Structures are given as C-alpha cells and as structure tokens.
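Student:
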C-alpha cells in the first residue's frame with residue numbers, strides 16, 4: 002500500500018517540519034565483549050558494535066539496473082543537486098504510477114534492454130546521483146539551530162545553510178567529500194527505511210575497507226560509518242603534540258577511537274528514497290568546527306585520508322573544537338580562514354578516484370544492482 006512521506010534521522014529522530022532556505026548559484030573489529038562494549042586494539046569502548054559485518058549477496062542471473070549520474074569531478078551547488086533529486090523523485094513516482102496502471106490494464110510495454118536516455122526517460126527506473134558540493138551546511142527537517150555555532154542569517158556567516166526534508170542534524174558538505182543520492186523504489190526491494198539506512202552504512206563500510214581504513218564499522222546507538230586511524234608507530238609520523246594526544250584521559254581522540262567518516266540522512270515518499278550518504282574522503286576537517294556534527298559533540302569526525310595518515314580527527318562541541326592538524330583549540334575565527342572562503346590544498350585526486358570506484362562498487366554489491374553510467378548530469382526541465 003501507499004506510504005506517507007517519512008524522514009529518517011542521520012543522528013536523531015526528526016522533531017518537526019521547518020522552513021527551507023534558498024541558495025544563490027555558485028561553484029566551486031574489534032571483538033564484541035559483554036554489556037555493549039567492544040575492543041579496539043585492547044582498549045574497550047562503550048556501545049560499539051563489531052567493526053565488520055559480513056554480508057551475503059544473492060547471485061542474480063539478471064540484476065536490477067540503476068541509472069548513474071556521476072558529476073563528482075566538478076562541484077555541484079547544493080541547491081542544484083537538491084533540485085535534481087526532487088525532479089527525479091517526482092518522475093520516478095509518476096513512472097511507477099503509470100506502471101501500476103498498465104499492469105492493472107494488462108498493457109505492460111516497458112523494456113529493460115536499452116540503456117539510452119531516449120529509450121529510458123528520467124524516472125523510468127531507479128537512479129543514483131554522485132556529487133561533490135562546494136562548502137555548505139545542511140539541516141534536517143527537525144534539526145536544532147543550537148548545533149550551528151554561527152548565525153546563519155548574518156552577513157559574515159561562514160556558510161550558506163539549507164533546511165532540507167531529510168532526517169538528522171547539522172551536516173557539512175564540501176570538496177573532498179563524495180555524496181551519494183539514491184532515488185530507489187524500496188517497494189520493489191525491502192520496504193523498510195531502517196534496513197535501508199543500514200544498507201547505506203554497509204556501502205560506506207565496504208568502501209572504507211577497500212580503501213584501507215582500519216576497523217570500518219558501526220557504533221551502537223549512532224548512525225553512520227566509523228573507522229580508526231593508523232597508529233603512529235605504523236605511519237612513522239610523530240605529531241607535534243603526541244604526548245597530549247596519547248594522554249587523552251577520555252579516549253576522545255586517540256588512535257583507537259572510532260571516527261565518524263560517513264553521515265547518513267534520508268527521506269522517502271511512497272517508498273521512493275532521496276537524500277543519502279556523504280563519505281569524507283579528503284575533506285578539510287577544520288570546517289566541521291562551525292557545527293556540532295550530527296549533534297554529536299563528544300566524538301571525532303574523520304576522513305579516509307586523515308585516518309590513513311594516522312592523524313587525529315576533529316571533535317566539535319558547542320563549547321569549542323580541536324584542530325585536526327595541530328591538536329590545539331581553535332577560536333571562533335578559525336585557524337586557516339573562515340568557512341567557505343578558507344583556502345587549503347585540493348583533495349588528493351588519486352584517492353578521490355579510488356574512493357569513487359570503491360563507493361560505486363560497494364553500492365552495486367549491497368543493493369544487488371548494475372549501475373548504468375548516463376555520462377553527465379540528469380536532464381531536468
């Protein structure tokens with residue numbers, strides 16, 4: 002039967018419907034142990050699930066096909082990608098309604114063989130968008146403004162802020178982060194949004210594992226994909242404040258602490274999904290200082306590049322943040338420029354390419370689908 006529109010939180014349940022803002026155009030394993038603990042490198046952490054979950058894939062003689070619009074080599078303004086999602090969602094819903102009517106009337110003329118845009122108009126089947134965004138902050142439908150550490154209406158606000166339909170709290174998007182937006186009909190798969198979110202987590206976990214991230218997995222009670230950094234004795238890198246890092250009494254940012262690398266927030270209408278999962282590949286972690294990421298102020302955010310280098314991530318709470326490169330407190334002005342205007346080295350192109358391949362391969366495995374590359378942005382009227 003039909004399902005009303007639902008948002009599923011990336012970090013917390015939605016609290017209510019709020020307004021949206023417009024944007025101007027611009028470019029740019031641990032082992033399981035008792036009582037909800039698990040061990041990372043001999044140290045126990047509360048409420049941590051096993052860091053690796055094996056998945057079984059049923060071989061399909063003829064796997065589902067899913068259109069892929071990969072525009073991740075460029076920066077797509079958030080409002081543009083958001084508009085694409087909503088247009089494709091509407092087209093997909095209209096196509097499914099037509100298919101239902103044709104099935105009832107016995108006139109089913111749809112064909113899965115051709116792969117051209119002419120033969121398969123937008124919305125004919127499920128699709129996936131893969132993008133990078135310029136620096137921006139998004140909120141879920143019930144997000145608290147308390148998780149923004151700046152006034153979004155101020156002239157000197159570091160980022161534009163968008164309140165969207167997805168679940169979850171404040172999230173940063175920017176260069177060096179791959180964002181996957183699946184528009185999938187779950188009624189033809191498993192109509193369960195919580196399972197869908199676990200599947201998106203598994204996509205990120207598989208990709209992170211392929212890229213060499215240690216202990217890629219989940220943390221109990223928290224959404225997303227997490228991993229730990231390579232210990233310093235294996236990287237040969239000595240941080241300039243190693244003593245302070247190693248003596249972190251709370252274990253907030255040591256080498257065995259799970260770092261959040263992928264954030265998830267989704268919504269669905271009549272079981273058709275939009276929004277999705279964001280994977281930090283080689284993103285500027287200092288930008289997270291301006292928010293309480295996903296409303297979680299006591300755990301570090303990380304990236305694939307940072308974890309592989311053995312560097313600590315950034316912990317950003319309402320009272321302050323730690324610098325991901327210098328392990329020191331940042332003031333409100335920031336240490337390397339302000340928000341979207343900050344200048345830093347570009348993302349590692351080779352790592353971004355490998356991450357893209359790993360993410361798309363993982364999506365095909367977890368969702369048992371074949372991605373058909375449409376080579377360019379979707380044609381949206």
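In the numbering used here, the protein residues as written are 2 to 382.
Just so you know, even glycine gets a beta-carbon here, dropped at the ideal spot from N, CA and C.
This one's a predicted model, so the numbers in the text were calculated from it and none came from an experiment.
1) Under a three-way DSSP split, which group does residue 96 fall into?
2) Name, in chain order, the residues that DSSP records as bridge partners for residue 277.
3) Where does residue 318 sit, in a helix, a strand or coil, going by DSSP?
4) Label residue 178 either buried or exposed according to how many other C-beta atoms from any shown protein chain fall within 10 Å of its C-beta, with 16 as the threshold for buried.
5) Exposed or buried, residue 210, counting other C-beta atoms within 10 Å across all chains shown (16 or more means buried)?
6) Measuring CA to CA, which of 91, 147 and 133 is closest to residue 295?
7) Can you list, in chain order, the residues of its chain whose CB lies under 8 Å from that of residue 83, leaving out five sequence neighbours each side?
8) Quick one, which of 205, 297 and 369 has its alpha-carbon nearest residue 304's?
9) Below 6 Å CB to CB, which residues in the same chain sit around residue 359 once its five sequence neighbours on both sides are set aside?
10) With a threshold of 7 Å on Cβ separation, who are the neighbours of residue 292 within its own chain once the five nearest residues in sequence on each side are excluded?
11) When you compare the segment 372 to 380 with the segment 119 to 131, are there three or more beta-carbon pairs, one atom per stretch, that lie closer than 8 Å?
12) In chain order, what residues of the same chain have a beta carbon less than 8 Å from the beta carbon of residue 364, not counting five sequence neighbours either side?
13) Rounded to a whole number of angstroms, what is the C-alpha to C-alpha distance between residue 290 and residue 72?
14) Per DSSP, residue 258 forms a beta bridge with which residues?
15) Measuring only between beta-carbons, confirm whether residue 131 sits less than 7 Å from chain D.
16) Could you tell me the alpha carbon to alpha carbon distance between residue 79 and residue 259, rounded to whole angstroms?
17) Rounded to whole angstroms, what is the Cα-Cα separation between residue 378 and residue 88?
18) Roughly how many angstroms separate the alpha carbons of residue 286 and residue 297, rounded to a whole number?
19) In three-state DSSP terms, what is residue 211?
20) Which class does residue 134 belong to by DSSP, given the choice of helix, strand or coil?
21) Mind checking who residue 70 pairs with in its DSSP beta bridge?
22) Of the choices 167, 122, 75 and 85, whose alpha-carbon is the least far from that of residue 270?
23) Pick helix, strand or coil for residue 184, following the three-state DSSP scheme.
24) Quick check: the Cα distance between residue 100 and residue 228, rounded to an integer number of angstroms?
25) For residue 63, name the three-state secondary structure that DSSP assigns.
26) What is the DSSP secondary structure of residue 164, counted as helix, strand or coil?
27) Excluding the 5 residues flanking residue 215 on each side, which residues of the same chain have their C-beta closer than 8 Å to its C-beta?
28) Given this structure, state the Cα-to-Cα distance separating residue 188 from residue 144, to the nearest angstrom.
29) Would you kindly report the start and end of the unbroken alpha helix (DSSP H) that includes residue 367?
30) Quick one: Cα of residue 381 to Cα of residue 85, how far?
31) For the beta strand (DSSP E) holding residue 396, just list the boundary residues, first then last.
32) What residue does the alpha helix (DSSP H) around residue 231 start on, and which one ends it?
Tutor: On the basis of the data shown:
1) helix
2) 266
3) strand
4) buried
5) buried
6) 147
7) 163 and 165
8) 205
9) 208, 211 and 212
10) 138, 148, 149, 150, 171, 173 and 317
11) yes
12) 129, 181, 183, 204, 370 and 372
13) 28 Å
14) BP columns for residue 258 are empty, so no partner.
15) Given the protein chain composition of this structure (a single chain), no chain D is represented.
16) 28 Å
17) 13 Å
18) 15 Å
19) helix
20) coil
21) 130
22) 167
23) strand
24) 42 Å
25) At residue 63, the pLDDT of 48 sits below 50, so the modelled position is not reliable; the number obtained from the coordinates is stated separately. Looking at residue 63 - three-state DSSP - the assignment turns out to be coil, as it is neither helix nor strand.
26) strand
27) 228, 229, 230, 231 and 308
28) 28 Å
29) 350 to 367
30) 7 Å
31) This structure gives no information on residue 396, because the portion of the chain shown stretches from 2 to 382.
32) Unbroken run through residue 231: none, as it is neither H nor E.
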